[in-house]
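Asks:
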Amino acid sequence: LGLDMEELEEIEEDAGLGNGGLGRLAACFLDSMATLGLAAYGYGIRYEYGIFNQKIRDGWQVEEADDWLRHGNPWEKARPEYMLPVHFYGRVEHGATGAKWVDTQVVLALPYDTPVPGYMNNTVNTMRLWSARAPNDFNLRDFNVGDYIQAVLDRNLAENISRVLYPNDNFFEGKELRLKQEYFVVAATLQDIIRRFKASKFGSTDSVRTVFDSFPDQVAIQLNDTHPAMAIPELMRIFVDIEKLPWNTAWDITKRTFAYTNHTVLPEALERWPVDLVEKLLPRHLQIIYEINQRHLDHIASLFPNDMDRLRRMSLIEEGGTKRINMAHLCIVGSHAVNGVAKIHSEIVKAQVFKDFAALEPEKFQNKTNGITPRRWLLLCNPGLAELIAEKIGEDYVRDLSQLTKLHEFVDDDLFIREVAKVKQENKVKFALYLEKEYKVKINPSSMFDVHVKRIHEYKRQLMNCLHIITMYNRIRRDPAKLFVPRTVIIGGKASWAAPGYHMAKMIIKLINAVAHVVNNDPVVGSKLKVIFLENYRVSLAEKVIPATDLSEQISTAGTEASGTGNMKFMLNGALTIGTMDGANVEMAEEAGEENLFIFGMRVEDVAELDREGYNAQKYYSELPELQQAVDQIESGFFSPKEPDLFKDVVNMLFHHDRFKVFADYEAYVKCQEKVSELYLNSKAWTKMVIRNIAAAGKFSSDRTIKEYARDIWHVEPSDLKIPPPNEPRDVVEDKTPNGTAA
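Taking my numbering, the leading residue of the sequence shown gets 1, the next gets one more, and so forth.
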């Protein structure tokens, strides 16, 4: 048709229906589940407005609504025939036949299905996203003699449930609309799952009543963090109130059905819903949670008589001030398996965050290290590198990434080394052209592309990177003639709008842009150092920047980043990592050899030790002249001459309440960066280290992650059976198809 495919791809909007890591992980998991032939469904909300678009105006983040459906979405199919009711508010009546939830407000859940194709295996799974619709008699049922027009306008109130994604990453905001969203997706999904179970041959009906004994053998539900935790009391409500199962039977089935993945250890991220809010919105669920808690505490008390403090620590209900429900505790008690998302994170979960629960049921706690899909994160975004690898080891690695270890044979192959370097250079030139077009900054494509892209958060320590930039700038100015390895430092990410840390995150973005303005316009610096803040970082932009990256920044304070997945994407695409021993970085170092990553800074134990003795930022400031100079420049207004005290809050935080100890790791970070620059001067040695990293990236495929979930938690076997394409006769393979179990 004379159309350019790349141009067409640029036009399509991202479906930004999650907050970075968590949502993207789910997308990788869907790709892997389809590729592994698992009968799996991804359920979520069809937000009308996804994660906000970020504009940078005068160096500040400004949010714009993400109207991603404006031009329609060709991949989705509305399924009104599967629309389901979801109830809110109302009250509970207790009668001879049990509890009844009555006088509720009803919202309809309309499903939209998006196909999820497996890789070259003729398997297509489904992602089903729910959209909220008001029933047609909304506000018109009862004696409402009132205003017909107003009643129709009020339909918006119901439909607001799926209007917009809360943009909080690693932060809990206890808003009623958010709780409505969480229950909405859970209630619709469970009805859908039970409808499908009853329609299958397993939901055998003896005259009237469905037998649910086989339910956990046919259905596995994985809770992606605590956001869908209301599924536990909801399934209990269905079993006990509607299906009339005895409590103990219902609870046994429920526990065997659910498993919970924990994604963060930051206390401010843990969901703790006020009891009075839950009582108003979901009165029956609160009663069920109280009953679950009572039985749970009775059990603990029988094991640990008179240990009141343990009961308080392990309760689902937190007393003191406003009573709250600890959703993580609900998930642990209501699931048969609990996992963290990297070895070090799972250990922290067991030893610290949920210590009492792990002591009680150690067998319940597992690790499932995160992964990424090599289809999107290598084949699609870096075809040059994917093709080069295929020439050396064949194409099978795309479905079995562990085969990348075969690349170790070529680590001394001069031709291969040159080809790997050439692909990286081509990617850099292409991205440099993109940057020059978008940001009007001249980029030196032979400079080291030093990239730090992720959500802006204090624990991710973009500020430490910023201090390093200022230090490099000062060194160039101090001795302009001295050899300096040229760098283009690229930082990108969105600041979560509602978190109390939002003010700080906003200031960090402004600071980076202020520093960039000074550095990029200093003639003494020239092309040696350029700083760019990447606007509106999102999946489609990650696909451009990651293949062009030389150095990946993974510098969170040890013990704060549960796993990270960007780290894996950079590794697979031929970047080297500078990072702390945190999250999956630890396992990356284990796979590639610590000598092939630039590891620096405090370990988890060192951070704990520093907490015991008390972190004193002033000490580091006094002892490190270059740190002192950089901090003084920020404080004095060197980077904000028109508003000299613009960054006083940032400096004040670094000195007096920096939970993430930026100064404590500054010296080690700067020294490590010097080692990075030194290696970059030796292109061949650098590229050999790159090849060793790519060869060690196989573990970090989401295919491996999903196989572990399937075997250890869901108890399903991945099927390698290639379903024949629709134009070939089916009967040949029909009898070979196993009884697949839905995950």
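Just so you know, even glycine gets a beta-carbon here, dropped at the ideal spot from N, CA and C. Computed from a predicted model, the values in this text were never measured in an experiment.
According to the neighbour-count rule (16 or more other Cβ atoms, all chains shown, within 10 Å of its Cβ), is E734 buried or exposed?
Replies: Counting from 1 along the sequence shown, the entry for residue 734 is found at position 734. Unreliable placement is indicated for E734, whose pLDDT of 42 sits below 50; the coordinate value is still reported in the next sentence. Result: exposed.
Asks: I'd like to check one pair, A558 with M581: are the Cβ atoms closer than 8 angstroms?
Replies: Here residue 581 refers to the residue found at position 581 of the sequence shown. Here residue 558 refers to the residue found at position 558 of the sequence shown. Yes, the Cβ-Cβ distance between M581 and A558 is below 8 angstroms.
Asks: According to DSSP, what are the bridge partners of N224?
Replies: Translated into positions along the sequence shown, residue 224 becomes position 224. BP columns for N224 point to T261.
Asks: From N156 to L330, what does the alpha carbon distance come to, in whole angstroms?
Replies: Locating residue 156 in the sequence shown gives position 156, counting from the first residue. Locating residue 330 in the sequence shown gives position 330, counting from the first residue. Their backbone Cα atoms lie some 32 angstroms apart in a straight line.
Asks: Given a cut-off of 8 angstroms on the beta-carbon distance, is the pair Y260 and L311 in contact?
Replies: Taking the first residue of the sequence shown as position 1, residue 260 is located at position 260. Taking the first residue of the sequence shown as position 1, residue 311 is located at position 311. Contact flag unset, no.
Asks: Count the other CB atoms, across all protein chains shown, that sit within 10 Å of the CB of K530; report buried if there are 16 or more and exposed otherwise.
Replies: As a working mapping, residue 530 is identified with position 530 in the sequence shown. Buried, by the Cβ-count rule.
Asks: Can you name, in chain order, every residue of its own chain whose Cβ lies under 6 angstroms from the Cβ of E591, other than the five neighbours on each side?
Replies: Position 591 of the sequence shown, counting from 1, holds the residue named residue 591. Same-chain partners within the cutoff: A696, K699.
Asks: So, are the CB atoms of A744 and A342 less than 8 angstroms apart?
Replies: Nothing can be reported for residue 744: it is not among the residues displayed for the chain, which extend from 1 to 743.
Asks: Assuming H657 is part of the alpha helix (DSSP H), what are its boundary residues?
Replies: Counted from its first residue, the sequence shown places residue 657 at position 657. Premise fails: H657 is in no alpha helix (DSSP H) and is neither H nor E.
Asks: Are there 16 or more other CB atoms within 10 angstroms of the CB of E728, so buried, or fewer, so exposed?
Replies: For the purposes of this step, residue 728 is taken as residue 728 along the sequence shown, with counting starting at 1. Exposed: under 16 other Cβ atoms inside 10 Å.
Asks: Buried or exposed: which applies to E271, given that a residue is buried once 16 or more other Cβ atoms fall within 10 Å of its Cβ?
Replies: Counted from its first residue, the sequence shown places residue 271 at position 271. Buried, because 16 or more other Cβ atoms sit within 10 Å of the Cβ of E271.
Asks: Looking only at C-alpha atoms, which of K422, R538, L610 sits nearest to W686?
Replies: In the sequence shown, counting from the first residue as 1, residue 686 sits at position 686. Nearest of K422, R538, L610 to W686, Cα basis: K422.
Asks: With 16 as the cutoff for other CB atoms within 10 Å, does R692 come out buried or exposed?
Replies: As a position in the sequence shown, residue 692 is number 692, starting the count at 1. With 16 or more Cβ atoms within 10 Å of its Cβ, R692 is classed as buried.
Asks: Is it the case that the Cβ atoms of F744 and I253 are separated by a distance below 8 angstroms?
Replies: In the structure as shown, the chain starts at 1 and stops at 743, and residue 744 therefore has no counterpart that could be examined.
Asks: Rounded C-beta distance between S556 and K460? I'm assuming under 8 angstroms.
Replies: Counting from 1 along the sequence shown, the entry for residue 556 is found at position 556. Counting from 1 along the sequence shown, the entry for residue 460 is found at position 460. Correct: roughly 5 angstroms between the Cβ atoms.
Asks: Three Cβ pairs or more, each shorter than 8 angstroms: is that satisfied between the region 426-444 and the region 525-539?
Replies: yes
Asks: Which whole-angstrom value is the C-beta distance of G493 and K544, which I expect to be below 8 angstroms?
Replies: Residue numbering aside, residue 493 sits at position 493 when the sequence shown is read from its first letter. Residue numbering aside, residue 544 sits at position 544 when the sequence shown is read from its first letter. Contact flag wrong, Cβ pair sits at about 15 angstroms.
Asks: Among Y119, Y473, P117, which has the Cα closest to the Cα of D522?
Replies: Locating residue 522 in the sequence shown gives position 522, where the first residue counts as 1. When each option's Cα is compared against that of D522, the closest is Y473.
Asks: Among N616, M689, V676, which residue has its Cα nearest to the Cα of H656?
Replies: For this step, residue 656 is matched to residue 656 along the sequence shown. Looking at the Cα atoms, N616 is the closest of the given residues.
Asks: According to DSSP, is R195 part of a helix, a strand, or is it coil?
Replies: As a first step, residue 195 must be located in the sequence shown, where it is residue number 195. Three-state DSSP puts R195 in a helix.
Asks: For the alpha helix (DSSP H) that contains R141, what are its first and last residues?
Replies: Counting from one through the sequence shown, the residue named residue 141 turns up at place 141. Judged by DSSP secondary structure, R141 falls outside any alpha helix (DSSP H); it is assigned neither H nor E.
Asks: Just grab the DSSP bridge partners of K77 for me.
Replies: Taking the sequence shown and counting its residues from 1, the one referred to as residue 77 is at position 77. Paired residues: D113.
Asks: Are P480 and V518 touching if we call contact CB-CB under 8 angstroms?
Replies: Here the question's residue 480 lines up with position 480 in the sequence shown. Here the question's residue 518 lines up with position 518 in the sequence shown. No, they are not a contact pair.
Asks: So is P547 buried or exposed if we call it buried at 16+ other beta carbons inside 10 Å?
Replies: Within the sequence shown, the letter at position 547 stands for residue 547. Answer is buried; the Cβ neighbour count reaches 16.
Asks: When burial is assigned at 16 or more other CB atoms within 10 Å of the CB, is P726 buried or exposed?
Replies: By one-based count along the sequence shown, residue 726 stands at place 726. Counting of Cβ neighbours within 10 angstroms places P726 among the exposed residues, the total staying below 16.
Asks: Is it buried or exposed for H94, if we count other Cβ within 10 angstroms and need 16 for buried?
Replies: For the purposes of this step, residue 94 is taken as residue 94 along the sequence shown, with counting starting at 1. With fewer than 16 other Cβ atoms within 10 Å, it is exposed.
Asks: H87 bridges to which residues according to DSSP?
Replies: To locate residue 87, count along the sequence shown from 1; it is residue 87. BP columns for H87 point to V106.
Asks: Taking contact to mean 3 or more Cβ pairs, one atom from each stretch, closer than 8 angstroms, check whether the region 360-371 and the region 708-718 are in contact.
Replies: Judged by Cβ distances under 8 angstroms, the region 360-371 makes contact with the region 708-718, as three or more pairs qualify.
Asks: Among I456, H285, V275, which has the Cα closest to the Cα of R324?
Replies: Position 324 of the sequence shown, counted from the first residue, corresponds to residue 324. Checked all of I456, H285, V275; the closest Cα to R324 is V275.
Asks: What does the alpha-carbon distance come out to for the pair N694 and Q554?
Replies: Taking the first residue of the sequence shown as 1, we reach residue 694 at position 694. Taking the first residue of the sequence shown as 1, we reach residue 554 at position 554. Rather than Asn, the amino acid found at residue 694 in this sequence is Ile. Their backbone Cα atoms lie some 17 angstroms apart in a straight line.
Asks: Am I right that H457 and D169 are in contact with their C-beta atoms under 8 angstroms? What's the rounded C-beta distance?
Replies: Reading the sequence shown from its first residue, position 457 is the one you call residue 457. Reading the sequence shown from its first residue, position 169 is the one you call residue 169. Sure, about 7 angstroms apart at Cβ, within 8 angstroms.
Asks: When the Cβ atoms of the region 80-99 are set against those of the region 24-38, are three or more pairs found closer than 8 angstroms?
Replies: no
Asks: According to DSSP, what are the bridge partners of E591?
Replies: The residue given as residue 591 occupies position 591 in the sequence shown. In the DSSP output, where bridge partners are listed per residue, E591 has none listed.
Asks: Ignore the nearest five residues each way along the sequence and tell me which others in G118's own chain have a CB closer than 6 angstroms to its CB.
Replies: Within the sequence shown, the letter at position 118 stands for residue 118. Excluding residues within five positions, the ones whose Cβ falls inside 6 angstroms are A34, T35.
Asks: So for L379, helix, strand or coil by DSSP?
Replies: Start at 1 with the first residue of the sequence shown, and residue 379 comes out as number 379. Helix, per DSSP.
Asks: Y47 by DSSP, collapsed to three states: which one?
Replies: Numbered from its first residue, the sequence shown carries residue 47 at position 47. Y47 falls in the coil class under three-state DSSP.
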